[in-house]
Amino acid sequence: MEVQVIDIDRTRRRLEVILPKERVLSIQHGIYAELQKKAQIKGFRKGKIPRSVIDLYFRDYINRELKKRIVENSLEDALKEANLEPLLEPTVEFPDEDMSRYIVFCEVVPEIEVHGYTSMEIDVEPIDVTEEEVRVELEKLRNIHAELVPKEEGVVERGDFVVVRYEGYHDGLPLEEVRSEAYPLEVGSETLLPEFEAALIGMRKDEEKEIEIDFPPDYPDRAYASKRIRFHLRVKEIKQRRLPHIGDDFAKDLGFDDLSALMDGIRERIRGQKGKQRRAYVERAIIERLLEKNEIPVPPS
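Residue 94 in the working numbering sits at position 85 of the sequence shown, with consecutive numbering throughout.
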């Protein structure tokens with residue numbers, strides 16, 4: 010196989026791939042052999058169809074399949090020999106009838122001579138971790154490890170977890186698809202319509218209530234857009250978060266020796282996150298400076 014490369018410009022290459030005629034004929038013979046075994050033509054026994062008849066009936070298929078197999082059989086090796094890695098699928102053309110030569114057009118990453126990077130300075134802030142940042146992260150951990158406990162007395166408040174039974178009605182008729190026997194919900198999470206969640210606030214366990222909600226015109230489910238739906242609600246369970254006490258025991262539950270070690274761990278995690286952010290900032294700044302000082306050719310596609 011012979012491969013010749015021509016630089017069209019800094020981002021495009023033209024390859025001319027020339028194959029030995031014997032290699033092309035071998036691929037072509039394989040296609041004819043497959044068709045002779047599989048083809049069914051009236052008046053001929055399978056496997057005994059002359060090549061001239063195969064050619065008459067399947068000429069277009071043979072030409073398409075031959076081009077396809079030649080490319081599959083040789084293009085990868087040709088690109089390796091030319092030391093090219095196309096950005097997109099190359100375009101292939103066969104200029105000759107014998108198909109022993111084909112032309113490849115491809116786009117590549119341009120070679121760039123970079124200027125202006127040896128004396129570059131980027132201003133960065135030192136990495137500091139404040140006690141407020143540590144406190145916020147500690148409070149997040151506290152909420153993550155909160156325990157949900159039944160709220161037997163009192164009413165539903167924002168942040169409580171409830172299990173609610175509800176049924177929806179429109180024009181006095183029940184809506185089978187708008188009902189649930191036990192729907193779990195964190196009140197205030199905006200999982201459901203705001204009017205629905207607001208109606209739960211102040212209710213007690215086993216209390217029932219009826220409300221009407223006007224669904225907005227842009228409601229995602231068009232079946233209910235601009236409709237007034239009446240809901241019958243019953244609060245079946247109320248649970249509230251019980252936050253763990255911040256101390257050595259809490260730290261030990263998280264795998265630290267004591268609260269001081271936990272705080273140190275939080276500081277190090279925050280410092281690591283800020284370090285990643287600073288590195289990303291520096292990388293972006295360097296790229297922006299280099300783009301200002303260097304011309305980067307872009308392939309047409």
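Glycine included, each C-beta is placed from N, C-alpha and C at the ideal position.
All values derive from a computational prediction rather than experimental measurement.
Do residue i and residue j have their C-beta atoms closer together than 8 Å?
i	j	result
Leu75	Gln37	yes
Tyr111	Val26	yes
Asp169	Ile247	yes
Glu217	Arg237	no
Ile226	Ser235	The sequence given here places Pro at residue 226; Ile does not occur at that position. Yes; because the gap between Cβ atoms is below 8 Å, this pair is in contact.
Leu157	Ile255	no
Tyr41	Ile17	no
Cys115	Pro104	no
Glu142	Ile279	yes
Met10	Ser83	yes
Val117	Ile79	no
Check each candidate in the options and name the one with the smallest Cα separation from residue i.
i	options	result
Glu102	Asn72, Thr127, Val117	Asn72
Phe259	Val244, Glu142, Ile153	Ile153
Tyr178	Tyr192, Glu217, Tyr233	Tyr233
Leu6	Arg239, Glu11, Asp227, Asp223	The displayed coordinates of the chain run from 10 to 310. Any statement about residue 6 would go beyond what the structure contains.
Leu242	Ile58, Glu297, Tyr175	Tyr175
Glu106	Arg251, Val145, Asp69	Asp69
Asp132	Arg287, Leu182, Met212, Ser83	Arg287
Glu161	Gln249, Ile279, Gly181	Gln249
Ser109	Glu134, Glu130, Lys77	Lys77
Leu252	Ala155, Glu85, Gly264, Arg213	Ala155
Look at the alpha carbon of residue i and the alpha carbon of residue j, and state the distance between them as a whole number of angstroms.
i	j	result
Ser128	Arg19	27 Å
Ile50	Arg22	45 Å
Glu81	Tyr290	44 Å
Leu151	Glu206	The sequence given here has Arg at residue 151, not Leu. Roughly 25 Å between the two C-alpha positions.
His159	Glu219	The sequence shown places Pro at residue 159, not His. Each residue's alpha carbon lies about 24 Å from the other.
Arg231	Phe224	10 Å
Ala208	Leu202	10 Å
Gly52	Ser35	28 Å
Gly264	Asp215	41 Å
Glu43	Arg298	60 Å
Gly211	Asp180	28 Å
Asp273	Glu134	22 Å
Asp257	Ser189	43 Å
Tyr66	Leu300	58 Å
Glu130	Val12	46 Å
Val145	Glu292	29 Å
Pro59	Glu85	34 Å
Leu182	Ala191	21 Å
Glu277	Lys149	16 Å
Can you round the beta-carbon distance between residue i and residue j to whole angstroms, since I take them to be within the 8 Å contact cut?
i	j	result
Val187	Lys245	About 18 Å separates the two Cβ atoms, so there is no contact after all.
Leu28	Val113	Going by Cβ atoms, the distance from Leu28 to Val113 rounds to 13 Å, so no, they are not a contact pair.
Lys302	Gly125	4 Å
Ser310	Leu88	About 18 Å separates the two Cβ atoms, so there is no contact after all.
- request: Report yes or no: do the stretch 264-273 and the stretch 85-93 share at least 3 C-beta pairs separated by less than 8 Å?
  value: no
field: Cβ contact (3+ pairs, closer than 8 Å) linking the stretch 275-288 and the stretch 129-146
entry: yes
task: Could you say if the stretch 115-123 and the stretch 301-308 meet the contact criterion of at least three C-beta pairs nearer than 8 Å?
output: yes
field: Stretch-stretch touch, CB-based, cutoff 8 Å, three pairs: the stretch 178-198 with the stretch 158-168
entry: yes
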